[in-house]
Amino acid sequence: MIWVFPLLLLGALVAAESYEHEVDNIRLLERQSNDADLCFLWGHRVALLGNQLYFTHGNYTFVSGEENTPQPYLFSLALSNITPVEAFIPSSAYQRYSLPTGADPNIAFITADTQTILWYNNQSLFTVFATGSDATTANEMSMFDTKAGTWGSANVQGSGVNLYSDWGSEASVSVPETGLSFSFGGDPSTQTLPGLVTFNASFPFYPDITWSNNTSAGSSGVQVPLVGESEMVYVPYGKEGVLLMMGGYGRDASYNAVNVDMSQISVYDIASTSWFVVTASGTAPLPRRQFCAVVSAAPDQSSFQVTIFGGFDGAKTDFEDVWVLTIPSFNWINVGSKNDGEVSATVNIGRSHHRCAIYNDAQMIVLGGSVREGTPVPVNETSCKSLYPPIRVLDTTAYTWKTSFDDSLKYTVPESVTTVIGGNGEGGATMSGPEKGFNFTALSTIFATPLGAKTTATNSPSPTPTPAPTSHTGAIAGGVVAGVAGLAILAGAAYFFIRRKRKADEKRNGWKSAEQARTGEPKYALVSGVKAEQTELPTYSRPPAELGENHRGGGLRSPIELSG
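According to mature numbering (1 follows the signal peptide of the UniProt record, and there is no 0), the residues represented by the sequence shown are -16 to -1, 1 to 548, in order.
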């Protein structure tokens, strides 16, 4: 019978811990009676873990009539709750968690016009922001545990990290299966900033976290690209994976905004910390910024499809088209899209400032975004329009817009892609590189073989303890078990109250305040390593420093916001 006591004691402790988390969640989850359906959002940041979509920061409009304003919450939406899509998001479908004021007291007041980053591994979200030119941040940030549903703070080792990203203009990507995240770019007033920030929250070292800023060209000799409002994705090639960056804008020698040629793809090899440039074949999309991109892997990983949607030309035109960049062949394909309810024959309609995530390689989740009807000012930011829903789903196996989310859909390579790169729906691509070959020998080696089987981040619930077997050895044994159980319950209760007291003490001590450092003057930067075409950056799209206080309903420019 000796073994019974440890089991019962363990069960009591698990129950106490579970109850404690549930109490914390109830207190943290603040649902107000005036919640309403969400009809529009922009400038936000997203993270998809398993089937749970998290988004935060930015500006929001609700059906209740509240105009486009920042919301001090982290929102959580189960993808199973977005059926049907192409509709407003009902208040019953999402949860919201109050943003903490600990690691940074300004975090709850972040607007779409400010600078933010949202990184994540397969368990936690990390949110941080910086302000001012050449801004660095204190090595502390707010952290949300998605399994426990609680906020905390995380200390980061490293220094000199530049996190400035005006107008949400930096490109960020997180790779939850490796624990690595990256952020790049930004445009403080009239110049872009170089440098790639690497954030490492990988296991088994987590919760020990590090970050660094790489501004060197590496062994290739290609300079760090200087762009803002581009898109960056991760593809598992080379020893540690590569980053692909495309689109956006930079500045010429006179500091005029220039759109980057979409055929020029910047490649960053993580292992060698080197930048390269590849010229993609095929007809490239028109230059754009503020679009979104996701990656789908062929079942045999013989190819990867980078799907992009939408964007803004920097003047007054939004795009509604869908394109695919095939990897490793680096070939652009205009795949179009079917069943697009936003397409109009009489006026040019498109979407920008939206965010995307990919589920199981087969469904692109599009969240938010501004819609222009051929005019510089979006039409959906201060009033709800059912024609422009805040959430959409694109089937990347057929490039068809869906009216419902299907968690059972498996990815196969679309025919519109296989006709170009060879193979079939299961893979078997015959194009293993660009038509004219790679212009760097190192790239031939890097893209020779993918890293291996792709893993999918999950947000699994804690396992349910197995019930103890029933004893049938008689009344005496039953009495012993009952006595032992009583002791276990008392031990569990004592553990629970000690824990609560400790947490109360922590709460009284409060959060540590973050410090911000602002050093030096901004350096003028030029577009480097990529072809660019000059375009006038309109007043409406200029960085916040040049905007009036009523721009986009943002009011006075409050503190700052994050990405992902």
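Even glycine gets a Cβ: it sits at the ideal position worked out from N, Cα and C.
Span of the alpha helix (DSSP H) around residue i
i	result
Leu63	Element bounds for Leu63: n/a, residue is neither H nor E.
Three-way DSSP call (helix, strand, coil) for residue i in this model
i	result
Ile254	coil
Val401	helix
Leu427	helix
Asn124	In the sequence as displayed, the identity of residue 124 is Glu instead of Asn. Looking at Glu124 - three-state DSSP - the assignment turns out to be strand.
Pro434	strand
Phe293	strand
Lys223	coil
Arg235	strand
Cys276	strand
Gly411	strand
Val208	coil
Asn35	coil
Gln285	coil
Asp391	coil
Glu213	coil
Gln347	strand
Val363	coil
Thr130	coil
Gly320	coil
Ala241	strand
Ser416	coil
Ala201	coil
Leu371	coil
Thr310	strand
Val30	strand
Ala341	strand
Bridge partners - residue i, DSSP secondary structure assignment
i	result
Pro54	Asn43
Phe260	Val251
Ser336	Ser354
Glu161	DSSP lists no partner for Glu161.
Leu109	Tyr104 and Phe128
Phe168	Ala155 and Leu180
For residue j and residue i, the rounded distance between their alpha carbons
i	j	result
His337	Arg272	11 Å
Gly325	Thr182	39 Å
Glu419	Asp21	49 Å
Tyr81	Phe59	6 Å
Pro220	Asn323	32 Å
Leu32	Ala341	6 Å
Asp8	Ala268	Residue placement at Asp8 is flagged as unreliable, the pLDDT there being 37, under the threshold of 50; the coordinate-derived value follows with that caveat. Between Asp8 and Ala268, the C-alpha separation is close to 51 Å.
Gly34	Ser126	21 Å
Val226	Lys386	31 Å
Gln289	Gln107	26 Å
Ser203	Phe166	20 Å
Gln347	Glu154	24 Å
Gly417	Gln79	45 Å
Gln518	Ser247	Confidence at Gln518 is low in this model, with a pLDDT of 46, below 50, so its placement is unreliable and no value can be given for it.
Thr414	Ile405	6 Å
His41	His28	5 Å
Val262	Val350	28 Å
Val206	Asp253	12 Å
Val112	Ile101	6 Å
Asn243	Ala132	43 Å
Terminal residues of the beta strand (DSSP E) in which residue i lies
i	result
Tyr190	Looking at the DSSP string, Tyr190 is not in any beta strand (DSSP E), and its letter there is neither H nor E.
Asp302	Per DSSP, Asp302 belongs to no beta strand (DSSP E) and is neither H nor E.
Tyr104	Thr100 to Tyr104
Gln79	Tyr78 to Ser82
Cys23	Leu22 to Trp26
Phe183	Leu180 to Asn184
Thr381	Note, Thr381: premise wrong, no beta strand (DSSP E); not H, not E.
Gln141	Thr134 to Gln141
Ile73	From DSSP, Ile73 is part of no beta strand (DSSP E); its letter is neither H nor E.
Cβ-based burial, residue i [other Cβ within 10 Å; buried from 16]
i	result
Leu180	buried
Phe275	buried
residue 589	As displayed, the chain neither begins before -16 nor continues past 548, which places residue 589 out of reach and without an answer.
Glu399	exposed
Asp305	buried
Glu51	exposed
Lys223	exposed
Ala299	exposed
Asn184	buried
Thr199	exposed
Phe189	exposed
Ala282	buried
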